[in-house]
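The block underneath contains the structure these notes are about, expressed in structure tokens.
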Amino acid sequence: MRAIQRAGQWVFLRVEAIFNLAFGDRLNPLYYLGPITYLLMWIVVGSGLYVYAFYKTGMAEAYASVEYLTVQQWWLGGVMRSVHRYASDAMALTMVLHLARHWMFDRYRGLRWFSWVSGVAVLWLVYVAGINGYMLPWDKMAQFVVIATAEWLDWLPVFNGTLVRNFILPENLNDRLFSLLSFIHIGVPLAVMALLWIHTQRVPQAKTSPPAPIAITLLAALVVLSLIKPALSQGEANLSHAVTVLDFDWFYLPVYALLYAWGAAPVWLLVAGGTVLLVALPWLPPRRRSAPVEGFHMLVRPDNRIIGVRDGETVLDAGLREGIAFPFECRNGGCGKCKADLAYGKAGLGAYQKSALSDEERAAGKVLLCCASPESDIQIEYLPQKTLGGIPARVWTASVESMEKLSSDVMRVFLKLDGGHRLAFYAGQYINVLLDNGEKRSFSFATAPHVNDRIELQIRRIPGGRFTTHVFERMKPGDPVRFEGPLGSFFLREEGGKPIIFVAGSTGFAPVKSMVEYAFHRNMRRRMILYWGVRSRRDLYLADLPRQWEKEHPEFRFVPVLSDPTPEDAWTGRTGLVHEAILADFPDLAQYQVYACGSVNMVEAAYPAFRTRGLSQDDCFSDAFRLAPKIRTGDTELVKLGGRA
Amino acid sequence: MNVLRCLLQLVLYVPLMALVGTLSSKPAFTHVPPEQALVRLSVVHAAQRKVECRTRTQEELAKLSPNMRAAQDCPRERAPLVVELDIDGSLVYRRIAAPAGITKDGAASVYYRMLVPARAHQVAARLRDGPGEGFNFRKDARIELAPGGSLLIDFNAAQGGFLFRN
Ligand code: HEM
Ligand code: FES
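These protein sequence lines map, in sequence, to chains A and B. Take 1 as the starting number for the first sequence in the working numbering and just add one per residue. Take 646 as the starting number for the second sequence in the working numbering and just add one per residue.
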């Protein structure tokens, strides 16, 4: 089986390379087989509705009503009918190619079983709908298909030879049959659409329509084909005559040809066996697990996030699933848009076009995110093209408006953008301050997005740190500051109603302030509990603010936790590690969302503990999260939000 | 987009669309070859009871619980159908069909389809639907079958048995 797959990959890659020459790698139809199939379905539905408007559901009228379209109204009705047929045929073709590509490239196992199995159901329904369609015009083809279907089903013990009598005895045929057939012909495609929606549920950011140039060319090609070779009926059905020779649709009806070559039983065996095999394929043979059960982890820069990559997932899919704005286009190793640096670790590179990733680039440590899957914990560095929700990241110039020392080692700095600009961002995002020597330092916005006339940063002094020492010793109002932003996909999700637990460690309070103030501004009314963990009382540099929020907003609660209170603190509140305080207060976290902002160590300790209390993966947000084992790179420190030295 | 590319796109698109247009109707499929005709036999019929109803004697009735005291004892099981078809004097099909249902009290059904050369044929159909030997329904006729013609052998006991429809 591996050999067939490898051969298939070779063929697909060669043919795709030829198509790349003609279409360019961004508009190559072969990279959009799924979306094209989707589009064809819409074309089928649209043209079908038109044809149906003229269709008469009666023994006597069905044939004539379709002939009217083809003959009298050839210029529109006839074209619509032909497009309906050819789009259906093309759909069967692209669907099978789509299936074949996913199989050949081994993209149907692991998490993808869900798309695969729902795909098999779609396959069946598409065939049912297509075959059923041939029954409607009530020509000789319809006669053949109706009777053949009955003869085939009659093999089943439930029918046992009785079903066919409904279709071979003229007195048993009536208008109700045509109502039933057209009812099925509308119902089954509706079911297909519902299933398709399910089919792409688990594909992060699935494209369900191809780029416009492909769509237009395809539609035009179908119309041209319809004009050159209109779809025709084949003489009115006549039950007192046998159906002899038919123009045959080899996209939908090959099984019916087999039926008369082999007989009903072998064909049932083939179809049932084939279906069972297809459904079971994702588990055949059982996958040899190459990754730990939790999957590998990747550190993504410049986002500075750590993300779990599930077994069998590509780096691109994992990132998109977590809201990283990875650039991508074809998802099939053809365009090179998803190229990025593998800065640490090992990854399988997958099958791709040389034109998308040359051997030199490969040797230089570049990978295609859409093809690569981790073989160890990895670190990926990519160039953001756009950020979330279309808010572009760019370089800004600003100046220091004011500064205020909040504690012995935390400085609050307000920046004002030059030229009166305002910056849009999401609560929880951050900026990179650009230093003269090209280095960057990350700081979260402490202001909420609606306060966009100035930017607040809370900067902690790192002993010996170049930049933070500068901030504490030399920076003064009026100084220029260059920075890039907004960055990051750690931000407050407004959807959902679960109460939120914020876990802040030291200057991790800054992004929490941004999120909480924004939530108040938006009147979100969700319950919010802030646990702020610091060493001693003087590190609670803005404790009055959350206390005031607590007074003004009944839905908000504040719990400071000191890990190392000094005797002078005379502390009577909570002590210990901040996540342990949460564990003590919440035996069950299943109904909560957690936003964690702080050091790697804090998140690393908290995340697994929260998970054992039922916190769902999807409800845990962090700048440094899912750090289950520990990513083994020198850059772990980077993950600290609120900045490093 | 340059001309060469456009041409190349055409070179790729046209055969694909031609493939769709062609395979949607060609090659033709021969269901019944032109010099042949179709003969189908379809019978759905409830055969006689295997054992005839019997009037219960007084003693028997007395033994039954009061709510079960029906005057007649009618075992519901039906006899199997036996159907035979001869064409031009030779047996081409024979089937013994069991009645449907768990208690074997339903109708039995038979369906058979075959191709014959298109010309006149002597067609004989026989059916037995009760216990015993011999066939209690028969029909024998000479049927002219044109190329692509069809003979449907139907059965309806109320209308006297086999019906040859062509
Ligand atoms: C009407 C028919 C179908 C339509 C419109 C359709 C559409 C799509 C689309 C739009 C996607 C997401 C993007 C892509 O990978 O192309 C997709 C993914 C997928 N489809 Fe289909 N599909 C159809 C039938 C099938 C069938 C018959 C199978 C196989 C049995 C199948 C298997 C898959 C798989 C394995 C994925 C990938 C999921 C992933 O990457 O996680 N599809 N399909
Ligand atoms: S998205 Fe095109 S090569 Fe990866």
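All C-beta atoms in this analysis are idealised placements derived from N, C-alpha and C, irrespective of residue type, glycine included. Because the structure is a prediction, the values reported are computed rather than measured.
What does DSSP give as the partner residues of P762 (chain B) in its beta bridges? DSSP lists B:Q681 as partners of P762 (chain B).
Run through the DSSP bridge pairs and tell me what K416 (chain A) is partnered with. Note: K416 (chain A) sits in a beta bridge opposite A:S399.
Alpha carbon to alpha carbon, how far is D249 (chain A) from F178 (chain A)? Give it in angstroms, no decimals. So the two alpha carbons sit approximately 21 Å from each other.
Give the straight-line distance between the Cα atoms of I307 (chain A) and V126 (chain A), rounded to the nearest whole angstrom. Put simply, the backbone Cα of I307 (chain A) is about 38 Å away from that of V126 (chain A).
Going by C-alpha to C-alpha distance, which of B:D718, B:L760, B:D733, B:R650 sits closest to Q703 (chain B)? It is B:D718 whose Cα lies nearest to the Cα of Q703 (chain B).
So, with DSSP's three-state summary, where would you put W490 (chain A)? Looking at the sequence shown, residue 490 (chain A) is not Trp but Phe. The DSSP-derived three-state label of F490 (chain A) is coil.
Answer yes or no: do R81 (chain A) and V51 (chain A) have a C-beta to C-beta separation smaller than 8 Å? A contact, by the Cβ cut-off of 8 Å.
Among all the DSSP beta bridges, which residues are the ones paired with Y531 (chain A)? Beta-bridge pairing links Y531 (chain A) to A:V503, A:V559.
Whole-angstrom distance between N432 (chain A) and E473 (chain A), CA atom to CA atom: Near 20 Å, if we compare the C-alpha coordinates of N432 (chain A) and E473 (chain A).
Let's see if you can read the secondary structure: which residues bound the beta strand (DSSP E) around C597 (chain A)? Counting along the chain, C597 (chain A) sits inside the beta strand (DSSP E) bounded by residues 593 to 597.
Flag this pair as touching only if the segment 219 to 238 of chain A and the segment 328 to 347 of chain A have three or more C-beta atom pairs under 8 Å; answer yes or no. Contact fails: fewer than three Cβ-Cβ distances are below 8 Å.
Helix, strand or coil at G295 (chain A) according to DSSP, with G and I counted as helix: Three-state result, G295 (chain A): coil.
For R632 (chain A), which three-state DSSP category applies? Only weak support is given to the placement of R632 (chain A): the predicted model assigns it a pLDDT of 39, under 50, and the question is left unresolved by the model.
State yes or no: is the C-beta of P204 (chain A) within less than 8 Å of the C-beta of L320 (chain A)? A Cβ-Cβ contact shorter than 8 Å links P204 (chain A) with L320 (chain A).
Is G533 (chain A) near the ligand FES, in the sense that its beta carbon is under 7 Å from a heavy atom of that ligand? G533 (chain A): no, Cβ never under 7 Å from the ligand FES.
Just how far apart, CA to CA, sit T37 (chain A) and G496 (chain A)? So the alpha carbons of these two residues sit roughly 33 Å apart.
Pull out every residue of the segment 340 to 352 of chain A whose Cβ sits closer than 9 Å to any Cβ of chain B, in chain order. From the segment 340 to 352 of chain A, no residue has a Cβ closer than 9 Å to chain B.
As assigned by DSSP and simplified to three states, the class of M1 (chain A): DSSP, read as helix, strand or coil, puts M1 (chain A) in coil.
Determine, for P711 (chain B), whether the minimum Cβ-Cβ distance to residues of chain A falls below 8 Å. P711 (chain B) does not count as touching chain A.
Tell me whether M528 (chain A) is buried or exposed, calling it buried when 16 or more other Cβ atoms sit within 10 Å of its Cβ. With 16 or more Cβ atoms within 10 Å of its Cβ, M528 (chain A) is classed as buried.
I need the boundaries of the alpha helix (DSSP H) containing N801 (chain B), first residue and last residue. Secondary structure note for N801 (chain B): it is in no alpha helix (DSSP H), and the uninterrupted beta strand (DSSP E) holding it is 795 to 801.
Whose C-beta lies closer than 7 Å to the C-beta of V45 (chain A) among residues of the same chain, with five residues either side of it excluded? For V45 (chain A), where only same-chain residues beyond five positions count, the Cβ hits under 7 Å are P189.
The segment 667 to 688 of chain B: positions lying closer than 9 Å to chain A by Cβ: Taking 9 Å as the Cβ-Cβ cut-off, the segment 667 to 688 of chain B approaches chain A at T667, L668, S669, S670, K671, P672, A673, F674, T675, H676, V677, P678, P679, Q681, A682, L683, R685, S687, V688, given in chain order.
Please say whether A743 (chain B) and P725 (chain B) have beta carbons closer to each other than 8 Å? Going by beta carbons, P725 (chain B) and A743 (chain B) fall inside the 8 Å limit.
Using a cut-off of 7 Å between C-beta atoms, extract the partners of M662 (chain B) located in chain A. What M662 (chain B) touches in chain A: A221, L225.
Listing by chain order, which chain D residues have their CB less than 8 Å from the CB of L730 (chain B)? Protein chains in the displayed structure are A and B, and chain D is not among them.
7 Å Cβ shell around K56 (chain A) - same chain, five flanking residues per side excluded: Non-local beta-carbon contacts of K56 (chain A) in its own chain, meaning distances under 7 Å to residues more than five positions away in sequence, involve A62, S65 in chain order.
Where the segment 769 to 781 of chain B meets chain A: residues whose CB sits under 8 Å from a CB there: Those would be none; no residue qualifies.
Label A682 (chain B) either buried or exposed according to how many other C-beta atoms from any shown protein chain fall within 10 Å of its C-beta, with 16 as the threshold for buried. Around the beta-carbon of A682 (chain B), 16 or more other beta-carbon atoms lie within 10 Å, marking it buried.
DSSP three-state assignment for N437 (chain A), whether helix, strand or coil: Looking at N437 (chain A) - three-state DSSP - the assignment turns out to be coil, as it is neither helix nor strand.
Grab the span of the beta strand (DSSP E) containing F809 (chain B) for me, first residue to last. For F809 (chain B), the enclosing beta strand (DSSP E) has its first and last residue at 806 to 810.
Could you work out which residue in A:Y426, A:G34, A:A92 is closest to L664 (chain B) when comparing CA atoms only? Comparing Cα-Cα distances from L664 (chain B) to each of A:Y426, A:G34, A:A92, the minimum goes to A:A92.
Going by the DSSP bridge assignment, what does N432 (chain A) pair with across the sheet? Within the DSSP bridge table, the entry for N432 (chain A) names A:S442, A:E484 as partners.
Identify the continuous beta strand (DSSP E) that holds L97 (chain A) and give its terminal residues. Secondary structure note for L97 (chain A): it is in no beta strand (DSSP E), and the uninterrupted alpha helix (DSSP H) holding it is 79 to 104.
Distance cut-off 7 Å: A206 (chain A) Cβ against heavy atoms of the ligand HEM: Indeed, a heavy atom of the ligand HEM lies less than 7 Å from the Cβ.
According to DSSP, is D785 (chain B) helix, strand or coil? Note: D785 (chain B) maps to strand in three-state DSSP.
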